[in-house]
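Below is one structure; the comments refer to it alone.
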Amino acid sequence: MCSKNAQYSANTGNVTISVANPNLNGTGTLGTVIVASQDGTLIKNISIKAIGNTTLGMVRLFVADNLGNAFLLQEVMIPANLQTGVVKTFSTTINNAFILKSGYQLKASTQNAESFNVTVIATNWVNCPC
Amino acid sequence: MCTNSQFFSDTGMVNIATANPNLNGSGVLGTVLVALPGNTSSKGTIVSSITIKATGSTTEGMVRLFIDDGTTKYLYKEIYVPAVTQTSVQPAFLAVLNDELILDPGTMLKASTQKSESFNVVANASAWKDCVCDDVSPFGEIQYFANTGLVHISTPNSNLNGTGPLSNIIIASNSGPLSGGTQVPYVTVKATASSSLGMVRIFISDGTNNFLIREIQIPQASQTAVEPTFRGIIPLEIFLKPNHILKASTQNADGFNLIAAASDWLNCDCPLS
Numbered sequence: 000m001c002s003k004n005a006q007y008s009a010n011t012g013n014v015t016i017s018v019a020n021p022n023l024n025g026t027g028t029l030g031t032v033i034v035a036s037q038d039g040t041l042i043k044n045i046s047i048k049a050i051g052n053t054t055l056g057m058v059r060l061f062v063a064d065n066l067g068n069a070f071l072l073q074e075v076m077i078p079a080n081l082q083t084g085v086v087k088t089f090s091t092t093i094n095n096a097f098i099l100k101s102g103y104q105l106k107a108s109t110q111n112a113e114s115f116n117v118t119v120i121a122t123n124w125v126n127c128p129c
Numbered sequence: 000m001c002t003n004s005q006f007f008s009d010t011g012m013v014n015i016a017t018a019n020p021n022l023n024g025s026g027v028l029g030t031v032l033v034a035l036p037g038n039t040s041s042k043g044t045i046v047s048s049i050t051i052k053a054t055g056s057t058t059e060g061m062v063r064l065f066i067d068d069g070t071t072k073y074l075y076k077e078i079y080v081p082a083v084t085q086t087s088v089q090p091a092f093l094a095v096l097n098d099e100l101i102l103d104p105g106t107m108l109k110a111s112t113q114k115s116e117s118f119n120v121v122a123n124a125s126a127w128k129d130c131v132c133d134d135v136s137p138f139g140e141i142q143y144f145a146n147t148g149l150v151h152i153s154t155p156n157s158n159l160n161g162t163g164p165l166s167n168i169i170i171a172s173n174s175g176p177l178s179g180g181t182q183v184p185y186v187t188v189k190a191t192a193s194s195s196l197g198m199v200r201i202f203i204s205d206g207t208n209n210f211l212i213r214e215i216q217i218p219q220a221s222q223t224a225v226e227p228t229f230r231g232i233i234p235l236e237i238f239l240k241p242n243h244i245l246k247a248s249t250q251n252a253d254g255f256n257l258i259a260a261a262s263d264w265l266n267c268d269c270p271l272s
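The listed protein sequences derive, respectively, from chains X and P.
Everything in the first sequence is counted per numbering that gives the first Met the number 0, starting at 0 for the first residue and increasing by one.
Everything in the second sequence is counted per numbering that gives the first Met the number 0, starting at 0 for the first residue and increasing by one.
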């Protein structure tokens, strides 16, 4: 039967990045935040949360294809921030919805050797058969 | 209840350049789109937007759109064209009409230009076929598949006429007669290094001809460890016909990634009415 519906399943991606990488061309150390699967993955938002002090720098997000080529998608400027018992570490959420082809990956890097958790809230979908 | 429909992307494209001051449908008109004829079971074509993009400098004038039912050509709209001097950093004239237009099968959308200046006219359209009405029919649904387009460009190309080096951002899938096409809501342009004042251009190709649809002005920007490179999100909301291609070029030898977060759709089979 051909259903109007698709089936959705949560696909939350997490990675901690901390190895300095100044490259914009997709080379160097990248962390894999999420791998798209099934008929595709809808990324609803991306959160970046420092887990310590930060200096002025950058976190970069890349889309990588099935061949391993990584394409710079977005840069997020990181401010200098001193974490204390009452001062939070840096945090930001990017709310651009983004559809990722099955097998493609969202990756991340950091300019400075500082630690960030990158979390993606996403859902995979599977079309019901016709 | 009546069941659903099948949808098929039907991108229409033409370049017009021959002067025609007439409002009565006579003279040289370019055919943007022919709504699929009824003998293919099509019930009509929805034109969701029309892009008019000059491929060079313009003087004050007019582009006119006509609806041709095969017998008579009816003036539908006039689009005022201002004087614009196109340069490597100044985009040529662009207008996007978002008024939805529904064409009967076989009806044509045509265009003319007041002045002998070059314009691409691109209709973002989809034809539909009705499934049979049936209280219990489960047919006529659509399946969607993510299709992410990725390309890096850096070879300079100053042409607006579709010649010179162009790179494919995404190719609309064609997996058979039920393939509807590919929907591209927007394209992200992200520089991969410092950029100089220039332009990135986006084209639609039918596999043979390339039609300019957008120019994105690129600012001068110096990339550092704490200064991001240029990034732009270009809303397109375009439906690409199967095998049609979205392409890109850069004015200067600066590096850019173009990323299209798109989805292909496949109609489920159904008995057509």
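We treat Cβ as the ideally placed atom computed from N, Cα and C, and that holds for glycine.
Since we're looking at a predicted model, the values are computed, not measured.
The criterion of a C-beta distance shorter than 8 Å is not satisfied by Ile-45 (chain P) and Ala-145 (chain P). By the criterion of a C-beta distance shorter than 6 Å, Trp-264 (chain P) is surrounded in its chain by Ile-141, Tyr-143, Gly-179, once the five residues flanking it on both sides are discounted. Residue environment: Val-18 (chain X) is assigned as exposed (fewer than 16 neighbouring CB atoms within 10 Å of its CB, all protein chains considered). In summary, Gly-206 (chain P) is exposed, with fewer than 16 beta-carbon neighbours lying within 10 Å of its beta-carbon over all protein chains present.
For Pro-234 (chain P), there are no neighbours in chain X by C-beta distance under 7 Å, as the nearest C-beta there is about 12 Å away.
Nearest to Phe-89 (chain X) by C-alpha distance, out of X:Ile-98, X:Lys-100, X:Met-76, is X:Met-76. The beta carbon of Gly-12 (chain X) does not come within 8 Å of any beta carbon belonging to chain P, so the residue lies off that interface. Against chain X, a Cβ distance below 8 Å from Ile-258 (chain P) picks out Val-62, Phe-70, Leu-72. Taken in chain order, the members of the segment 203-224 of chain P whose beta-carbon sits within less than 8 Å of a beta-carbon on chain X are Gln-222, Ala-224. Counting along the chain, Gln-5 (chain P) sits inside the beta strand (DSSP E) bounded by residues 4-8. Shown here, Thr-44 (chain P) sits in a strand according to DSSP, grouped into three states. The DSSP-derived three-state label of Thr-50 (chain P) is strand.
By the criterion of at least three beta-carbon pairs nearer than 8 Å, the segment 241-248 of chain P is not in contact with the segment 9-17 of chain X.
Taking a Cβ-Cβ threshold of 7 Å, none of the residues of chain P is close to Lys-43 (chain X); the smallest such distance is about 13 Å.
Here Val-199 (chain P) is not near Ala-259 (chain P), since their CB atoms are 8 Å or more apart. Remark: C-beta atoms of Val-14 (chain X) and Val-32 (chain X) approach each other more closely than 8 Å.
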